[in-house]
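Sequences listed follow chains L and Z, in order.
Throughout the first sequence, residue numbering follows our numbering, covering 1 to 271 in sequence.
Throughout the second sequence, residue numbering follows our numbering, covering 1 to 271 in sequence.
Beta carbons: idealized from backbone N, C-alpha and C, even for Gly.
Only one structure is covered here, and it is reproduced in the block below.
Number of protein chains: 2
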Amino acid sequence: MADVADLQDEGEKVAPSSAVMGAGVQSVDRALGILEVLARTGESGVTELAVELGVHKSTAFRLVATLEAHRLVEQTSDRGRYRLGMGILRLAGATTARLDLVQEARPIARQLAVDTGETVNIAVLSESSALYLDQVAGTSALQPHNWVGQHIPLHATSNGKVLLSGLDEAALDAALGKLATYTPHTITGRAEFREELARVREQGYAVAVDELEIGLTAVAAPIRNAHGDVVASMSVSGPSFRLPEDRLDEVLRLVVGAAREVSHRLGWGHR
Amino acid sequence: MADVADLQDEGEKVAPSSAVMGAGVQSVDRALGILEVLARTGESGVTELAVELGVHKSTAFRLVATLEAHRLVEQTSDRGRYRLGMGILRLAGATTARLDLVQEARPIARQLAVDTGETVNIAVLSESSALYLDQVAGTSALQPHNWVGQHIPLHATSNGKVLLSGLDEAALDAALGKLATYTPHTITGRAEFREELARVREQGYAVAVDELEIGLTAVAAPIRNAHGDVVASMSVSGPSFRLPEDRLDEVLRLVVGAAREVSHRLGWGHR
DNA sequence: AGACTGCGTTCCGTCGAGCGCAACACGCGG
DNA sequence: CCGCGTGTTGCGCTCGACGGAACGCAGTCT
């Protein structure tokens, strides 16, 4: 039952593009597919969505109208295109409020932000990129433009390195695409990157200076669950001029300590 | 703005407690209903969800399984209960990145935070409570515990007053439940509160000193869209001792100016 | 202007997808 | 052990979701 009956050869190339699809309740599947398309494109019309899903225009419309009734999507104007709506944010608020990872990590992250004066982030691995779960602003006015929910490349960030360091060889290969170059300091050699990961594993922390963006420095340490797996990563990041070499040692000590504290609260080292 | 709602007079057997429901594609409607229930309860079992929606267990299971395939829900353990998942957060990231309100407001909010030294929030009206969309921390270490996605009572906050001031009588009645008392300064009289709203409308800003919490002061101004409707509210809040009467004038000037600037960027006053 | 092409939206008849039923596998407590 | 509670799975019947086609409206080309 793998292939969906695509009987219409209207001429349009039937490209399932990307998504799970094909598993579960058909109409719900399609509706969620719409959300994913909108997340990717930012904004789409009914016709566009219909082509993307390989369904009739009217079908796409009915689905999107249902989503709209629940405020998960909204249209830019009457008779306009569609985009993701506020309902998503409401759900997201309820999600983070309940995730015990965020729950446990938040007070510690806040203290870390106060101690270092820089921005603290918590990220998890999600489909070959880093998903930022939470962010606590530093005391300085100069803040990074990241935001919860953003996708960040794994090989050019301290968080990414930490998260990858917890994977075995097979999973690593799957998660690691090609290593894009962002700055002259980005590590792009595969062998070289594996060495870096070994170093991270050994040291228990990761550093990235100017690797994603010139002038941006970040350090990160792993958060482990009761089984000892790396489930998340906690980082401190800020402008490189505020995080010079001689200050990094101090910051590293704080980050590693904070991450270990969260790990303990999640049950690591108990039993 | 045709309402899709009233085509049929509810043949439902059991009261679906709360939610939109009854409009659009049935199975999608139910699936989204599940998300809303999970957002409310935090965690539920299949059977529980089934009775909540008034459907058969197996139906609820199939729906929740589809949601799980898209990572919008996850189960606490194999054969365990269900809760909202990371997929929601991914969608939320894509949402905030594209919502032009947040997009436009963020740099201005940040500047306002720098100028005042206090925390800036942006909130919208969402089902008879305030939904906080964005937050920029002030320069001081002492920060409020709020977070994006939280629901806050409308009648005891400056943001809430501003948002309510944009409604007509009918909508106001619908949005306003009973006026709970939080502190001795909370306005609880209905007539009194309407006078306060009239003042807010006239002045173009709202103030709340010790009304939600003793020691917490906040001021807010409306953000308008191209049609002139109040779509959001921007506030500055901090400890009352840092925001004494004689400083409020200055802060108010800044807030009103910032909110007006955002409104302009959203097309207000243009043509 | 007028024809034309694209959009989002609506109506309707049909047929297969999704529903409820019932049976299943498992965990718990009496 | 049995009963009762989960979450999970096949299976036929039926009703709800689907695609086709037409509509109203906005631009755009001729």
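Compare the C-beta of T188 of chain L with all C-beta atoms of chain Z and state if any pair is closer than 8 Å. Using a Cβ-Cβ cut-off of 8 Å, T188 of chain L does not count as an interface residue toward chain Z, since no Cβ of chain Z sits closer than that to its own.
Identify the continuous alpha helix (DSSP H) that holds L274 of chain L and give its terminal residues. Residue 274 of chain L lies beyond the residue range present for chain L, which begins at 1 and ends at 271; the question has no answer from this structure.
Less than 7 Å between the CB of G117 of chain Z and some heavy atom of the ligand ADP, yes or no? In the structure shown, the ligand ADP is absent, as is every other ligand, since no ligand is present at all.
Can you tell me whether T188 of chain L is buried or exposed? The criterion is at least 16 other CB atoms within 10 Å of its CB, across all chains shown. By the 10 Å Cβ count, T188 of chain L comes out exposed.
Inter-residue spacing [alpha-carbon to alpha-carbon] between A50 of chain Z and E213 of chain L: So the two alpha carbons sit approximately 49 Å from each other.
Contact check, V162 of chain Z vs A206 of chain Z, beta carbons under 8 Å: Cβ atoms of V162 of chain Z and A206 of chain Z: closer than 8 Å.
When burial is assigned at 16 or more other CB atoms within 10 Å of the CB, is P184 of chain L buried or exposed? Exposed, because fewer than 16 other Cβ atoms sit within 10 Å of the Cβ of P184 of chain L.
Distance, Cα to Cα, L112 of chain Z vs V46 of chain Z? Rounded to the nearest angstrom, the two C-alpha atoms are 47 Å apart.
What's the gap between the Cα of L154 of chain Z and the Cα of T181 of chain Z? Each residue's alpha carbon lies about 12 Å from the other.
Give me the DSSP bridge partner(s) of E74 of chain L. For E74 of chain L, the beta-bridge partners assigned by DSSP are L:R83.
Where do the N-terminal and C-terminal ends of the beta strand (DSSP E) with A208 of chain L fall, by residue? Here the beta strand (DSSP E) through A208 of chain L covers 206-209.
With T217 of chain Z as the anchor, note down where its beta strand (DSSP E) starts and where it stops. Following the DSSP letters along the chain, one finds T217 of chain Z inside the beta strand (DSSP E) bounded by residues 216-224.
Could you tell me the boundaries of the alpha helix (DSSP H) in which T280 of chain L lies? Because chain L is modelled from 1 through 271, residue 280 of chain L falls outside the range shown and cannot be assessed.
Look at the alpha carbon of G267 of chain L and the alpha carbon of G228 of chain L, and state the distance between them as a whole number of angstroms. If you take the alpha carbons of G267 of chain L and G228 of chain L, they lie about 9 Å apart.
Between the CA atoms of I34 of chain L and A137 of chain Z - distance to the nearest angstrom: Approximately 34 Å between the Cα atoms of the pair.
Strictly below 8 Å CB to CB, what residues from chain L border T66 of chain Z? Under the 8 Å cutoff, chain L gives A23, G24, V25, V28, D29, L32.
Between which residues of its own chain and I223 of chain L is the CB-CB distance below 8 Å, once the five residues before and five after are set aside? For I223 of chain L, where only same-chain residues beyond five positions count, the Cβ hits under 8 Å are L101, A105, I122, V230, V231, A232, S233, M234, A259, V262, S263, L266.
Evaluate contact between the segment 55-73 of chain L and the segment 24-34 of chain L, counting only Cβ atoms and requiring at least three cross-stretch pairs below 8 Å. With a cut-off of 8 Å on Cβ pairs, the segment 55-73 of chain L is in contact with the segment 24-34 of chain L, counting three or more such pairs.
Cβ closer than 8 Å: which chain L residues qualify as neighbours of G94 of chain Z? At residue 94 of chain Z the sequence reads Ala, which differs from the Gly that was named. For A94 of chain Z, the C-beta contacts it makes with chain L under 8 Å involve L38, A39, R40, G42, L84, G149, in order along the chain.
Compute the distance between the beta-carbons of G93 of chain Z and R71 of chain Z, then report whether it is under 8 Å. No, Cβ-Cβ distance for G93 of chain Z and R71 of chain Z is not below 8 Å.
Name the chain L residues that come within less than 9 Å of L272 of chain Z, Cβ to Cβ? Only positions 1 to 271 of chain Z appear in the structure, and residue 272 of chain Z is not among them; the question remains open.
I need the DSSP call for A180 of chain Z, collapsed to helix, strand or coil. When DSSP states are grouped into helix, strand and coil, A180 of chain Z belongs to the coil group.
Of all the options Z:L172, Z:L164, Z:L53, which has the alpha carbon lying nearest to the alpha carbon of E36 of chain Z? Of Z:L172, Z:L164, Z:L53, the smallest CA-CA separation from E36 of chain Z is found for Z:L53.
Name the two residues that bound the continuous alpha helix (DSSP H) containing V28 of chain Z. For V28 of chain Z, the enclosing alpha helix (DSSP H) stretches over residues 26-41.
Close beta carbons around K13 of chain L, own chain, < 7 Å, minus the five adjacent residues each side: Unreliable placement is indicated for K13 of chain L, whose pLDDT of 34 sits below 50; the coordinate value is still reported in the next sentence. Closer than 7 Å at Cβ, skipping near neighbours: no residue.
On the three-state DSSP scale, how would you describe G54 of chain Z? In the structure shown, G54 of chain Z sits in coil (DSSP, three-state: anything other than H, G, I, E or B).
Excluding the 5 residues flanking W147 of chain Z on each side, which residues of the same chain have their C-beta closer than 6 Å to its C-beta? Below a pLDDT of 50, predicted positions are generally treated as unreliable, and W147 of chain Z, at 48, falls in that range; no measurement from the model is reported.
Start and end of the alpha helix (DSSP H) containing A175 of chain L? Going by DSSP, A175 of chain L is part of the alpha helix (DSSP H) stretching over 169-175.
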